[in-house]
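Numbering (the working numbering), first residue to last: 347 to 724.
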């Protein structure tokens, strides 16, 4: 991390600011807003799945292909966006992602076939949306030391906040205007709101060595030295990311369609998805406080164990009220898993590699989401 004094490049920070200071918290709020808006790229495809399936007359497995390609584009895009963030700062990949997303929603709204609809989701929306997650989390982790866990958790909550807000909105727009006009509306909204927020996120942290050392001295958790090499740790995190998200994707991707299969209607499924992700926000914030005290690795273990417990409940119960309760529990248990990977990276890897290594972990989790989404549909 550069260790020259001053933060003049950042519109929120002053030359006297420090890690965890006012400028860092202001930046976090803007990052959360960007992540929430950009997160529509991951969730709109889930809500529109039944309508798209009906219009193109395909089976559930085929209708899940756009989601798979969206997650694939998200995963691959995260790698490139992370490298861009390490080299040029987070504003550059965010600006590129905004352009790709807007083009993607216009293209999907005009798509004459499921194949073109799916390709546009993968190459444009998926890649574009990736900029508003892993690069943002990595960037925020550089601006905090003592409160890094809670800061990363708040930033990562933008994805779940998007999941709590966008599904009901998208469902209403689809019901009122159709899924094609809904895609056009999302493109317009993103184009109007995101550029101003992205402009505010230009700049990189330039804290003094003394202020950084002072912040480190006040941290509650000090990571112990691991008896594994950096490459081995990275590979273990990749395997863990794939495994946890194969399971995580099952209710998140198919709860809307599943409720339709049970006769409860897609609207009830959209409400359950929103409830699940709203409780996921609570879980992510709580996991941030926990990680600041016990570290990222221990937090990851706790979250993964609780997620497995919650998934068992879906196999045992399918009543309407029961599904609402289970969805809330599932969100409450698994929301803190993804931020744990970014916290682990910042605890055990150099800061200059944060964007690339966090992107690798996020790519693994998205690959798991894509695989799990397809398996559940099939």
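Backbone N, C-alpha and C fix where the C-beta goes; we use that ideal spot for every residue, glycine too. Note that this is a predicted model, so its numbers are computed, not measured.
| Query | Result |
| --- | --- |
| I'd like to check one pair, residue 541 with residue 481: are the Cβ atoms closer than 7 Å? | no |
| Closest by CA to residue 671, which one among 457, 416 and 614? | 614 |
| Assuming residue 605 and residue 718 make a contact with CB atoms under 8 Å, what is their CB distance in whole Å? | Contact doesn't hold; Cβ gap of about 18 Å is too wide. |
| Check this for me: beta carbons of residue 679 and residue 644, under 7 Å apart or not? | no |
| Is it a yes or a no for the region 377-395 touching the region 511-518, going by three-plus beta-carbon pairs under 8 Å? | yes |
| Report, in whole angstroms, the separation of the C-beta atoms of residue 580 and residue 706, which I expect to be a contact under 8 Å. | 6 Å |
| Excluding the five sequence neighbours on either side, which residues of its own chain have a C-beta within less than 8 Å of the C-beta of residue 588, listed in chain order? | 710, 711, 713, 714 and 717 |
| For the candidate residues 522, 502, 621 and 490, whose alpha-carbon lies nearest to that of residue 367? | 490 |
| Pull up the distance between the alpha-carbon of residue 495 and that of residue 519, whole angstroms please. | 36 Å |
| Alpha carbon to alpha carbon, how far is residue 662 from residue 418? Give it in angstroms, no decimals. | 31 Å |
| What is the DSSP secondary structure of residue 608, reduced to helix, strand or coil? | coil |
| Taking 7 Å as the cut-off, decide whether the C-beta atoms of residue 381 and residue 504 are in contact. | yes |
| Note down, in chain order, each residue of its chain lying with its Cβ closer than 7 Å to the Cβ of residue 428, except the 5 sequence neighbours on either side. | 480, 481, 484, 701, 702, 704 and 705 |
| Please classify residue 635: does DSSP put it in a helix, a strand, or coil? | helix |
| Can you tell me whether residue 436 is helix, strand or coil according to DSSP? | coil |
| Quick one: grab the DSSP three-state call for residue 490. | coil |
| With three or more beta-carbon pairs closer than 8 Å as the criterion, would you say the region 455-467 touches the region 368-379? | no |
| Count the CB pairs spanning the region 435-453 and the region 396-405 that are closer than 8 Å, and state whether there are at least three. | no |
| In angstroms with no decimal places, state the Cα-to-Cα distance between residue 563 and residue 385. | Confidence is the limiting factor: at residue 563 the pLDDT is only 49, short of 50, which leaves the residue's position unreliable, though a coordinate-based value still follows. Whole-angstrom Cα-Cα distance: 35 Å. |
| Buried or exposed: which applies to residue 436, given that a residue is buried once 16 or more other Cβ atoms fall within 10 Å of its Cβ? | buried |
| Which same chain residues end up closer than 7 Å to residue 664 when comparing Cβ atoms and leaving out the 5 residues on each side of it in sequence? | 608 |
| Which runs of the alpha helix (DSSP H) fall wholly inside the region 516-542 and span at least 4 residues, in chain order? | none |
| Quick check on residue 645: does DSSP put it in helix, strand or coil? | helix |
| For the alpha helix (DSSP H) containing residue 681, name the first residue and the last one. | Neither: residue 681 is in no alpha helix (DSSP H) and is coded neither H nor E. |
| Provide the residue span of the alpha helix (DSSP H) that contains residue 549, from first to last. | Unbroken run through residue 549: none, as it is neither H nor E. |
| Does the beta-carbon of residue 803 have 16 or more other beta-carbons within 10 angstroms, so that it is buried, or is it exposed? | The structure shown does not extend to residue 803, since the chain is modelled only from 347 through 724, so no value can be given for it. |
| Would you mind sorting residue 414 into buried or exposed? The rule is 16 or more other CB atoms within 10 Å of its CB. | buried |
| What does a CB cutoff of less than 6 Å around residue 625 pick up in its chain, not counting 5 residues either side in sequence? | 674, 677 and 678 |
| Return the first residue and the last residue of the alpha helix (DSSP H) that residue 571 is part of. | Neither: residue 571 is in no alpha helix (DSSP H) and is coded neither H nor E. |
| Output the boundary residues of the alpha helix (DSSP H) element that contains residue 727. | The shown model of the chain, from 347 to 724, leaves out residue 727, and the question about it has no answer. |
| Do residue 388 and residue 475 have their CB atoms nearer than 7 Å? | yes |
| Look at the Cβ atom of residue 431, then the Cβ atom of residue 543, and state whether they are nearer than 7 Å. | no |
| Mind checking residue 575: buried by the 16 CB within 10 Å criterion, or exposed? | exposed |
| Nearest CA to the CA of residue 654: which residue from 641, 693 and 597? | 597 |
| Taking buried to mean at least 16 other C-beta atoms within 10 Å of its own C-beta, is residue 458 buried or exposed? | exposed |
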